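Below you'll find the structure, written out as structure tokens, and then a few comments.
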Amino acid sequence: MKAIIFDLDGTLVDSAPDLMNALNKTLVQEGRAALPIESVRNMIGDGVPVLVERGFAATGEEATGEYLKARIEDFMGYYEGHNTDETVPYPGIIKVLDDLKASGHYTLGVCTNKPQAPTVEILAELHLAHYFSAVLGGDACDVKKPDPGHIFATLDALGVAPEHALLVGDSPNDAYAARDAGVPGILVSFGYTRIPVNELPSVAVIDHFDELPALIEKFL
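When we follow the working numbering, the leftmost residue of the sequence shown carries the number 1, and every step to the right adds one.
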């Protein structure tokens, strides 16, 4: 059996609108300006605490310590009830997941820096959970991407060695984690990244999930 690991935000699902809404609610209640979607997209990928921290840094004085901790709790308190209001799977991903599962050759996992609870909830609400045999959020492991240990832990849960695995992601965290784990990394061009994907280490970049099956065949 071979393993394909997917990132969540910016790879499987376009979650930026719901993340933006939760961040802006948190900012506005503290007297800060709301941020546009373009700005928030570039802040996603390192987990909720970093997203909130970046949001405050972009709108005035940085949030730190207990104040930041309280604002993260505010964010999560709203987001947990609204994390699939506007979040949708990317075009083409359902067919790819269906075909991969039907082939019987692959076991699928999710490795994301998003906390475990909203990750599991989003996968369930969007009817994606049944595709994945392992799901490891950013707080379900001792380390998180770009540390390759996050990938290794996901592979351990899947029961597959790194030499039989491939990662699909969208960000520097995905690219560097895959590289350092010795796993081929395929990046999507439509996700959330502060660095252009063509400047990141990967074996390929795709513009649509239609391109993924041929690359899986090539690199696995």
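By construction, the Cβ of each residue, glycine as well, lies at the ideal position given by its N, Cα and C atoms. For clarity, every value in this text was computed on a predicted model and none was experimentally measured.
Problem - Contact the stretch 86-102 vs the stretch 26-46: 3+ CB pairs below 8 Å - result: Counting Cβ pairs under 8 Å, fewer than three are found: no touch.
Problem - Cα-Cα separation, I216 to L123 - result: Distance between the alpha carbons of I216 and L123: 23 Å.
Practice task
Would you mind reading off the limits of the alpha helix (DSSP H) that contains F219?
Solution key: Counting along the chain, the alpha helix (DSSP H) containing F219 begins and ends at 212-219.
Exercise for the section: Report the rounded CA-to-CA distance for Y176 versus T87, giving the unit in angstroms. Expected result: Those two C-alpha atoms are separated by around 26 Å.
Handout entry: DSSP state of G47 mapped onto helix, strand, coil
Key = G47: coil per DSSP, three-state reduction.
Handout entry: Cα-Cα separation, H82 to L212
Key = Going from the Cα of H82 to the Cα of L212 covers about 30 Å.
Problem - Bridge partners - I221, DSSP secondary structure assignment - result: Residue 221 lies beyond the residue range present for the chain, which begins at 1 and ends at 220; the question has no answer from this structure.
Exercise for the section: Using beta-carbon positions only, say whether V50 and L68 come within less than 8 Å of one another. Expected result: No; because the gap between Cβ atoms is not below 8 Å, this pair is not in contact.
Practice task
Assuming D46 contacts N173 (C-beta within less than 8 Å), just tell me the rounded distance between them.
Solution key: Between N173 and D46 the Cβ distance is about 7 Å, and since that is below 8 Å, they are a contact.
Problem - Residue interval of the alpha helix (DSSP H) (run including K69) - result: Element bounds for K69: 65-79.
Practice task
Please classify H150: is it buried, with 16 or more other beta-carbons within 10 angstroms of its beta-carbon, or exposed?
Solution key: Per the 10 Å Cβ criterion, buried.
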